[in-house]
Structure formats: C-alpha cells, structure tokens
Amino acid sequence: PKGDPAKAKAKVEQICAACHGVDGNSAASANPSLAGQHPEYLEAQLVAFKKGTRKSAIMQPQAATLSDEDIRNLSAYFAEQKPKERAGTNKALMETGKKLYRGGVQARGIPACMACHGPSGSGIPAQYPRLGGQHAAYTVAQLNAFKLGKERANLPMQQIAQKLSDDEMKAVAEYIAGL
Ligand code: HEM
Ligand code: HEM
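Numbering-wise, this note's numbering puts 262 at position 169 of the sequence shown, and it's gapless, one number per residue.
Below is the structure:
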C-alpha cells in the first residue's frame with residue numbers, strides 16, 4: 094500500500110524535524126537531508142535501521158518505535174518535500190569530484206557514480222538513491238561506513254568505497270553537495 098503523507102505530519106513535527114528539518118532539509122551536516130528522496134529508498138533504510146542491518150546509535154532507537162504503516166507514511170512525506178538548492182563551496186575539490194562522479198577511474202575499476210545516481214544526482218526511483226544537494230560531511234561518513242562494512246552493507250557501494258581514498262571521498266562529496 095502507498096503511504097499517506099498527511100498521516101505522518103504529527104510524528105514528523107514531534108520527532109524527525111528536530112534533526113531532519115520539518116521540510117526534510119536538515120541544518121546540521123551530520124544529519125542527512127531527506128527531501129525529495131525516493132520513498133522506496135527511505136522505507137528500505139528505516140526497515141534496515143529497525144532490523145539492525147544498518148547500524149546507527151541515533152537512528153536505530155528512532156526506527157524501533159515505528160510501525161510498518163508509520164514507515165510508509167513518513168517515507169511518502171519526506172519524498173514529496175522539495176530539496177533545497179545547495180552549492181558546493183570548494184571549487185578545486187568540486188572539479189576533482191566532478192571527474193570522479195561523471196567518469197569514474199577506469200584504470201582502478203571505479204565506475205562513474207552517475208551511472209547509478211544519475212547525471213543530476215537524482216538517482217533512479219526504486220533502485221538508486223538521490224544524492225544531489227546532500228551535506229558533504231554526511232556523504233563522506235556513509236562512504237566510510239560502506240568501506241568498513243560494519244554499519245552499512247551494500248555490494249556495489251562497498252566495492253566502490255573500498256577503492257576510494259579519503260581525498261577522493263571529500264572531493265566527490267563536495268561535488269554531490271552542489272548537484
Ligand atoms: C538517517 C529518517 C529521526 C538523525 C536517517 C535516514 C532516514 C531517517 C530515512 C537514512 C537517510 C539516508 O540514507 O539518506 C528519520 C525519520 C525520523 C528520524 C523518519 C523520525 C521518525 C531522527 C532524529 C535524529 C535523526 C530524531 C537525531 C536525534 C539521523 C542521523 C542519520 C539519520 C544522524 C544518519 C545515520 C547514519 O549515520 O547512518 N533518518 N529520522 N533522525 N537520521 Fe533520522
Ligand atoms: C548509496 C555514493 C556509485 C549504487 C550511496 C550512498 C552514497 C553513494 C553516498 C548513500 C546515500 C545515502 O545514504 O543517502 C556513490 C558514489 C559513487 C557511487 C560517490 C561513485 C564513486 C554507485 C554505483 C552504483 C551505486 C556505480 C550502482 C552500481 C548504490 C546503491 C545505494 C547507493 C544501490 C543504496 C545502498 C543501500 O541501500 O544501502 N551511493 N555511489 N552507487 N549507491 Fe552509490
């Protein structure tokens with residue numbers, strides 16, 4: 094069944110807004126923006142936190158209190174919020190990040206991020222999450238989580254993150270923030 098955004102409003106205001114913003118655009122760079130994200134991806138992440146297959150000391154207890162219906166409604170709510178335009182700030186990093194995002198590094202078997210996350214960072218509904226406009230600090234943290242494989246497991250992303258250096262992660266995250 095499809096989620097009903099109107100039914101999510103009370104929980105959003107009481108719980109999620111403090112960290113993710115009432116319109117899904119978060120202020121603090123450790124908290125991901127959720128606005129405009131595909132509802133299927135949001136649902137999958139909330140279920141993963143609830144089951145403990147994605148680990149976060151902050152989000153696991155939040156997700157534990159949500160019913161399947163809450164998860165559908167909250168995901169529908171954040172999916173229909175409008176993502177705020179953001180700009181990357183570091184021009185040199187953005188240039189390096191752009192090359193990686195759009196072309197990968199063939200010689201090291203790193204695919205173009207664009208292949209799955211789209212040329213404009215909007216991902217592919219029901220398959221690949223939107224990344225555009227996300228806080229760079231959050232993106233770097235997730236790339237490291239995939240690389241280490243303790244908090245987050247996902248086959249393509251683990252294989253890719255294991256090949257990225259710290260500098261490459263920072264650069265691609267800066268570019269993504271401005272997409
Ligand atoms: C991550 C939803 C409440 C802090 C996430 C993600 C979702 C989500 C879907 C994953 C985003 C992604 O993968 O791009 C919600 C909902 C909430 C809620 C629906 C309300 C019921 C909170 C609260 C806090 C918080 C109250 C702060 C106390 C975070 C943080 C992450 C996160 C820090 C990143 C976790 C990580 O490092 O993997 N949240 N959230 N959230 N949320 Fe929430
Ligand atoms: C998730 C970055 C390439 C498939 C993510 C996330 C980030 C990311 C930051 C987490 C999003 C969030 O938490 O909101 C990148 C970068 C890439 C890249 C920087 C290039 C260097 C790819 C490629 C594929 C892919 C080529 C497909 C083959 C996925 C999938 C997820 C994901 C399936 C969701 C994982 C999950 O459900 O936990 N990516 N990505 N990515 N990416 Fe990528």
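Note that beta-carbon positions come from the ideal geometry of N, C-alpha and C, so glycine has one too.
Check                                                                                                                 : Outcome
Identity of the residue in G242, Q252, A205, L159 nearest I269 by Cα                                                  : A205
DSSP-derived helix/strand/coil call for I253                                                                          : helix
Simplified DSSP state of I108, which is helix, strand or coil                                                         : helix
DSSP state of V233 mapped onto helix, strand, coil                                                                    : helix
The segment 204–222 touching the segment 145–162, judged by at least three CB pairs closer than 8 Å                   : no
Boundaries of the alpha helix (DSSP H) in which G190 is found, first to last residue                                  : 184–196
Neighbourhood of K148 by C-beta distance below 6 Å, restricted to the same chain and skipping five residues each side : E244
As assigned by DSSP and simplified to three states, the class of I273                                                 : Lying outside 94 to 272, the shown extent of the chain, residue 273 is not represented and no answer is given.
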